[in-house]
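Everything on this sheet refers to the single structure shown next.
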């Protein structure tokens, strides 16, 4: 895809280049003939998924999930590499393509067979759950192995290893001393496999339901947006919107990341695409490589923290809470405002610190672009509008796909006729393959947690660890929240966002809920920390990717990204520590939402002083040190702490203002003399 303001445009990285920086492994580069066959199969799946929305199978959701897994698991094993064969024993080492080998085809055929096995006697298969036959267990065991392998191929070893640990716990947990909190009655292999394959908490549980009923529809929608020219328009509009101020380049990157994320759906991919287009402009404006890379990473991640798309985990939140997806979007509105306020304040400070200038970009005016291509926003409004009148999100997004398909004919270059439409449908399903493998495998963890009661037991351990230090409920809650945040971040360093959210939701969320945190607050806290793992040292994939583009040093770029995203790390604490924090998730009275938002904005401003070192002039270490407790006290959202926080923030501002006046007087005196 070629995007860019004005001129000839800039080439966005290919899928293979984007995959280099993703937690999902890059797919194979298939021979053209085989690639067409796979694309046809993926397009057929997309059509079937779209049709399922309006003509659901009479056998029910689980029947549909079995078919969906049977359709995607074999091609996942074909499209993603297995173990690399050493060159000296590889008879195909000289080939230019990367087609699957004989073993891959065998695995794909076996996967198809074990996936469709339940369909031959579906009712009987479900009825045998309490006493599965030997064939049921054998088929389920093979399916487990193939899912673990598909997950390993798409995301690496970590999630499969986690799953094996959980399986071992389900089997051997009965041998643990009964006095241990983690002990349970123990389950034999037949019962474990039956839980995975015949119940609604295993392979065919909530994670795969969300992938097959929501996420795949949004990946299709994103592909349709992309192929209809929306991605190019969003970036062109961003470059046209801000032209002449020294902060314009940074603001442009932020807006472009937000808009482009609606198409991409991936924070790291958005950051890479955005960086390729905008780094030359940021460099021309005077941004050093590391701050520019941090800004790009923060802008890319912001797209999946923000309505109207959010990340895939948001659909799982809606399913866990049994609320509408629109409700989850409502939870994210105020945190999104605070996140982007933090980025914009950091941009303002960096523009002054680095002495950046405007970077003129040849492009049409923003108004002209809106008049010509503004219709690309319409399908986004269609999703929100339909959900506002209680249309389910899976239907709303299909309506949006239909609308975007029709709108594509307004642009001759991007009409979705024939080949472009086929590519969009195929890409929609191909994009969901790693997610489907992850979600089905995560069902292992959900099933074991449900079967053994592990979630509640671990929650008790986390809370007891905090209570071992103090009996004060408030301090216990703060310690538990801090421990939970670190746990989710560490988990997110190793597995994709969706998987880390699912694992944390079933293991860590109960600890917060046991201390009085509501379920929406607990799940949203985990969601933000799962996403933020992509900009967290020492891995910070989004920052690694943007550092590769800007040529900056990796670790300084990570810390710059952390600086830009700091409000998103701390604001989630606000909505779990006090009852007033619920207002930040759009719950409670309008007045409550307004005052908590204003107070939180002051906290974000204090954080910007801490990380950026600037108020009216460069801040001293004392002013920055005073702003640290000011931000913490403000985010606690209690009357006493708010008053103390405002007083401290005023002290820092007044000190800085006095220093500025002295500097101004000194400069005027020098000029006069």
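Numbering (our numbering), first residue to last: 151 to 823.
Yeah, the Cβ is synthetic: ideal placement off N, Cα and C, and Gly gets one too.
If we ignore side chains and look at the alpha-carbon of each, how far apart do residue 381 and residue 290 end up?
42 Å
Give a yes or no on contact between the segment 441-452 and the segment 420-432, applying the rule of three or more CB pairs nearer than 8 Å.
yes
What number of angstroms, rounded off, separates the C-alpha of residue 344 from the C-alpha of residue 321?
13 Å
Does residue 569 pass the burial test, meaning 16 or more other C-beta atoms within 10 Å, or should it be called exposed?
exposed
Can you name, in chain order, every residue of its own chain whose Cβ lies under 6 Å from the Cβ of residue 738, other than the five neighbours on each side?
732
Measuring only the C-alpha atoms, how far is residue 825 from residue 576?
This structure does not reach residue 825, given that the chain is present from 151 up to 823, and the question cannot be answered.
Length-filtered (4 minimum) alpha helix (DSSP H) runs lying within the segment 324-363
The segment 324-363 contains these whole alpha helix (DSSP H) runs: 339-347, 356-360.
Span of the alpha helix (DSSP H) holding residue 595?
569-602
Helix, strand or coil at residue 764 [DSSP, three-state]
strand
Is it right to say residue 325 is buried, meaning 16 or more other beta carbons lie within 10 angstroms of its own, or is it exposed?
Exposed: under 16 other Cβ atoms inside 10 Å.
Three-state secondary structure (DSSP) at residue 826?
Because the chain here runs from 151 to 823, residue 826 falls outside it and cannot be looked at.
Between the Cα of residue 669 and those of 761, 650, 707, 735, spot the shortest distance and give me the residue it belongs to.
735
Assign residue 360 to buried or exposed, taking buried as 16 or more other Cβ atoms, counted over all protein chains shown, within 10 Å of its Cβ.
buried
Span separating the alpha-carbon of residue 485 from that of residue 722:
8 Å
Pick out whichever of 180, 820, 786 has its Cα sitting closest to the Cα of residue 725.
786
Considering Cα atoms alone, identify which of 192, 204, 774 is closest to residue 226.
192
Considering just the uninterrupted stretch of the alpha helix (DSSP H) at residue 185, what are its terminal residues?
182-204
Separation of residue 201 from residue 634, as counted between CA atoms
41 Å
Quick check: the segment 660-667 against the segment 603-617, are at least 3 beta-carbon pairs closer than 8 Å?
yes
Is residue 646 buried or exposed, if buried means 16 or more other CB atoms sit within 10 Å of its CB?
buried
Assuming residue 564 and residue 377 are in contact, meaning their beta carbons sit under 8 Å apart, how far apart are those beta carbons, in whole angstroms?
7 Å
On a Cα-Cα basis, can you pick out the residue from 598, 523, 271 that is closest to residue 313?
598
Kindly indicate which residue of 213, 402, 517, 442 has the alpha-carbon position closest to the one of residue 363.
213
Excluding the 5 residues preceding and the 5 following residue 793 in the sequence, name in chain order all residues of the same chain whose CB lies nearer than 7 Å to its CB.
none
Terminal residues of the continuous alpha helix (DSSP H) containing residue 773?
771-785
Can you check which of these residues, 584, 727, 622, is closest to residue 297 by C-alpha distance?
584
Let me know if residue 623 comes out buried or exposed under the rule of 16 or more other beta-carbons within 10 Å of its beta-carbon.
exposed
Jot down the residue ranges of each uninterrupted alpha helix (DSSP H) in the segment 432-506, minimum 4 residues, whole runs only, in chain order.
439-452, 462-471, 475-503
Can residue 379 and residue 561 be called in contact, C-beta distance under 8 Å?
Yes. Within cutoff.
Return the CA-CA distance between residue 674 and residue 654, expressed in angstroms with no decimal places.
Between residue 674 and residue 654, the C-alpha separation is close to 11 Å.
Pick out whichever of 695, 189, 446 has its Cα sitting closest to the Cα of residue 579.
189
Considering only C-alpha positions, which residue in the set 374, 483, 684, 601 is nearest to residue 639?
684
Would you say the segment 799-815 touches the segment 759-771, given that touching needs at least three Cβ pairs under 8 Å?
Contact holds: three or more Cβ-Cβ distances are below 8 Å.
If we ignore side chains and look at the alpha-carbon of each, how far apart do residue 679 and residue 702 end up?
25 Å
With a 10 Å radius around its C-beta and 16 neighbouring C-beta atoms as the bar for buried, classify residue 261 as buried or exposed.
buried
Would you report the Cα separation of residue 779 and residue 218, rounded to the nearest angstrom?
52 Å
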